[in-house]
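In this note's numbering, the protein residues as written are 1382 to 1455.
Written as structure tokens, this is what we have:
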């Protein structure tokens, strides 16, 4: 089962749309979707605005990707 991103979980729990959160964070909804997918890097300032828009319930660390597993040498 695929785990939802913490921002999506927050939005569902609070009955908010990603667009509403993006507006509060002063960015586009596409920016938030790209951040959640790990397809865009963010500034510390943007991550702080997103965290602030969620009342701190979604920390900046939620957008950090886990390190990719390294292939074992043969």
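Even for Gly, the Cβ is constructed at its ideal location relative to N, Cα and C.
This structure is a prediction, so every number in the text was calculated from the model and none was measured.
Task: With 16 other Cβ atoms within 10 Å as the buried cut-off, status of residue 1442 - done: Answer is exposed; the Cβ neighbour count stays below 16.
Open item on the list: Would residue 1369 and residue 1431 be called neighbours here (beta carbons separated by less than 8 angstroms)?
Closed with: Beyond the ends of the chain as shown, which are 1382 and 1455, falls residue 1369; an answer cannot be given.
TODO: Throw me the rounded Cβ distance for the residue 1406 and residue 1416 pair, which I believe falls under 8 angstroms.
DONE: So it is not a contact: roughly 10 angstroms between Cβ atoms.
Task: alpha helix (DSSP H) runs contained entirely in the stretch 1395-1429, provided each spans 4 or more residues - done: Runs found: 1399-1405, 1410-1418.
- [ ] Spatial neighbours of residue 1391 within its chain, please: CB distance less than 7 angstroms, with the 5 preceding and 5 following residues excluded, ordered by chain position.
- [x] 1435, 1438, 1439
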